[in-house]
Amino acid sequence: MGINGFSTLSETTGKVITCKAAVARGPGQPLVMEEIRVDTPQKMEVRIKILFTSICHTDLSAWQGENEAQQVYPRILGHEAVGVVESVGEGVVDMKEGDHVVPIFNGECGDCAYCKSQKTNLCDKFRVNPFKSVMLNDGKCRFSTKEGEPIFHFLNTSTFSEYTVLDSACVVKIDSKAPLKNMTLLSCGVSTGLGAAWNTANVQAGSTVAVFGLGAVGLAVVEGARARGASKIIGVDLNDNKQVKGQAMGITHFLNPKDFGIPVHEVCLSTITYQSTCILSLFLWSLSHGNQDHELRKIKEMTQGGVDYSFECAGNLDVLRDAFLSTHDEDACTMARESKMITSGWGLTVVLGVHPTPRMLPLHPMELFDGRRIVASVFGDFKGKTQLPHFVRECMQGGVKLEEFISHELPFSKINEAFQLLIDGKSLRCLLHL
Ligand SMILES: NC(=O)c1ccc[n+]([C@@H]2O[C@H](COP(=O)([O-])OP(=O)(O)OC[C@H]3O[C@@H](n4cnc5c(N)ncnc54)[C@H](O)[C@@H]3O)[C@@H](O)[C@H]2O)c1
Ligand SMILES: [Zn+2]
Ligand SMILES: [Zn+2]
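Just so we're aligned, residue 1350 is where the sequence shown starts under our numbering, counting upward by one.
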């Protein structure tokens, strides 16, 4: 007998599988546990049996239909999981039935110019694409209802199903001895946050860090910064309950914006219209006079002018602006007093949150002239197929506290409860057993 009742794999090879899936039928509507049909994998595709899956905020945003243009129904959401290969399609040579695997929403074909470049982890063909809802091979779905209605795919993965079909570029074979439950976390949240600290920002020992949003992604950034020897890690979250978990993961300070005055962006946006460089002084004035009690000022006090690295992990533009302004800059009060136009600073802000469209960066281009930088990170800049197996081994050696991220466990049938736990800010990751 194998794992989760999965035994003789070849029994289903080459046949359509009937199994249970949690199907999204409309924005915000409870997922419906349905019997569905899962087709055989085609050329360079893999069919896997999902053993454990969890819910990332990106699933929640998709379920709520946050981006109208991306809505298609019926659809199977889910992208954080671990599974076992049931069968492979023609041409797949790096995996075979029975292999333990992690699905990746940001695939790596290995052949395109992007995959061959060290400058990006976005594959030309299988990069994360929220608009993609069918397989690349034939533009069709591998899922259907018992009546034959197609069910759409999500983020190259669709893991809220007992069986799913993926392009082999979106499946990573992992060490068979790796603890399966924990490996689910490497599918998205933990790899994203840790990779953002290690690969994107390359956090240095002794540096100062602010993390905005202490969900699984933010706490993985904390874990990565702690492992790198950051001297101060300031966690910022609207939910006070995140303080205890944050401290267990390595935050040295916790700030709740609700405890401070009005947000800095409100002052800035109401005071200025972004039109000329002269406005920068006005902006600095507003910064220095309008929000003395704001958490931003607190961060600057705590870090002698701002942090070296900030990470936005909430998917909120106001938070992004605060994250940007929390990096190091000459004191705004001094600047305003001395009527200086040009500031000098440093620091890197990493955007991790997924922002609804249509939205633009909440920055004036001139604000970048003072030395602070901003960059985004998808999947922590990991190239999934080539780098994840090594990361798995690092985790197996105890380098990363993975179990801390699993706050709840429930049977797959209770997936709607698991969504509610995330909505209520009660869970980090709720592991669903299939
Ligand atoms: N870039 C990527 O590759 C990638 C990968 C995974 C997730 N994401 C995105 O990262 C974000 C975080 O995902 P998660 O699964 O950790 O979410 P989560 O829901 O578990 O955590 C989000 C946290 O942000 C806090 N928060 C919300 N609004 C806030 C505010 N105004 N100020 C301070 N804190 C606030 C919440 O209280 C919560 O603790 C989401 O936007 C998700 O879509 C991006
Ligand atoms: Zn995710
Ligand atoms: Zn590629």
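By construction, the Cβ of each residue, glycine as well, lies at the ideal position given by its N, Cα and C atoms. Fair warning: this is a prediction, and the values are worked out from it, not measured in the lab.
| Item | Value |
| --- | --- |
| Between the C-alpha atoms of residue 1650 and residue 1643, what's the straight-line distance to the nearest angstrom? | 11 angstroms |
| With DSSP collapsed to three states, give me the class of residue 1577. | coil |
| If I measure Cβ to Cβ from residue 1776 and keep anything under 6 angstroms in the same chain, skipping five residues before and after, which residues do I get? | 1756, 1757 and 1770 |
| As a quick exercise: from 1743, 1540 and 1678, pick the residue whose alpha carbon is nearest that of residue 1717. | 1678 |
| Hey, is residue 1761's beta-carbon within less than 7 angstroms of any beta-carbon in chain C? | Judged by its chain identifiers, the structure shown contains no chain C, having just a single protein chain. |
| Where do the ends of the beta strand (DSSP E) carrying residue 1370 lie? | 1366-1372 |
| When you compare each of 1585, 1450, 1554 and 1601 to residue 1527 by their alpha carbons, which one comes out closest? | 1450 |
| Do you know how far the Cα of residue 1490 is from the Cα of residue 1501? | 6 angstroms |
| When you compare the CB positions of residue 1435 and residue 1397, do they come within less than 7 angstroms of one another, or not? | yes |
| On the premise that residue 1506 lies in contact with residue 1785, defined as a C-beta separation below 8 angstroms, what is that separation, rounded to the nearest angstrom? | Nothing can be reported for residue 1785: it is not among the residues displayed for the chain, which extend from 1350 to 1783. |
| Straight-line CA distance for residue 1584 to residue 1773? | 19 angstroms |
| May I ask you to check if the CB of residue 1405 is nearer than 6 angstroms to at least one heavy atom of ligand 2? | yes |
| Does the beta-carbon of residue 1374 have 16 or more other beta-carbons within 10 angstroms, so that it is buried, or is it exposed? | exposed |
| Using a threshold of 6 angstroms, is the CB atom of residue 1463 nearer than that to any non-hydrogen atom of ligand 3? | yes |
| Can you grab the Cα-Cα spacing for the pair residue 1723 / residue 1368, in whole Å? | 45 angstroms |
| Would a C-beta distance cut-off of 7 angstroms place residue 1492 and residue 1387 closer than the cut-off? | yes |
| What residues in its chain sit with their C-beta under 8 angstroms from that of residue 1498, if we drop five residues either side in the sequence? | 1423 |
| Does the count of Cβ pairs from the stretch 1530-1538 and the stretch 1701-1713 closer than 8 angstroms reach three? | no |
| Which residues does DSSP pair with residue 1382 in a beta bridge? | 1371 |
| Report the three-state DSSP secondary structure of residue 1701 (helix, strand or coil). | coil |
| State the start and end residues of the unbroken beta strand (DSSP E) segment that holds residue 1423. | Residue 1423 -> no beta strand (DSSP E), and no H or E assigned at all. |
| Along the chain, which unbroken stretches of the beta strand (DSSP E) at least 3 residues long are found entirely within the stretch 1478-1515? | 1492-1494 |
| Based on Cα-Cα distance, which residue from 1597, 1459 and 1371 lies nearest to residue 1470? | 1459 |
| Which ranges would you report for the beta strand (DSSP E) in the stretch 1518-1552 if only whole runs of at least 3 residues count? | 1520-1522 |
| Which of the three DSSP states, helix, strand or coil, is assigned to residue 1452? | strand |
| Buried or exposed for residue 1511, going by 16 or more other Cβ atoms inside 10 Å? | buried |
| Report all residues from its chain with a CB closer than 7 angstroms to the CB of residue 1595; omit the five preceding and five following residues, and keep chain order. | 1563, 1568, 1571, 1584 and 1603 |
| If I follow the unbroken beta strand (DSSP E) through residue 1560, where does it start and stop? | 1557-1561 |
| I need the DSSP call for residue 1770, collapsed to helix, strand or coil. | helix |
| From which residue to which residue does the alpha helix (DSSP H) around residue 1732 run? | That residue, residue 1732, is in no alpha helix (DSSP H); it is neither H nor E in DSSP. |
| In whole angstroms, give me the CA-to-CA distance for residue 1696 and residue 1577. | 17 angstroms |
| Name the two residues that bound the continuous beta strand (DSSP E) containing residue 1865. | Because the chain here runs from 1350 to 1783, residue 1865 falls outside it and cannot be looked at. |
| Who does residue 1676 pair with in a DSSP beta bridge? | 1656 |
| Can you tell me where the beta strand (DSSP E) holding residue 1757 begins and where it ends? | 1755-1760 |
| Just confirm the distance between the C-beta atoms of residue 1559 and residue 1672, as a whole number of angstroms; I'd bet it's less than 8 angstroms. | 7 angstroms |
| Smallest Cα separation from residue 1429: which of 1378, 1400, 1508 and 1393? | 1508 |
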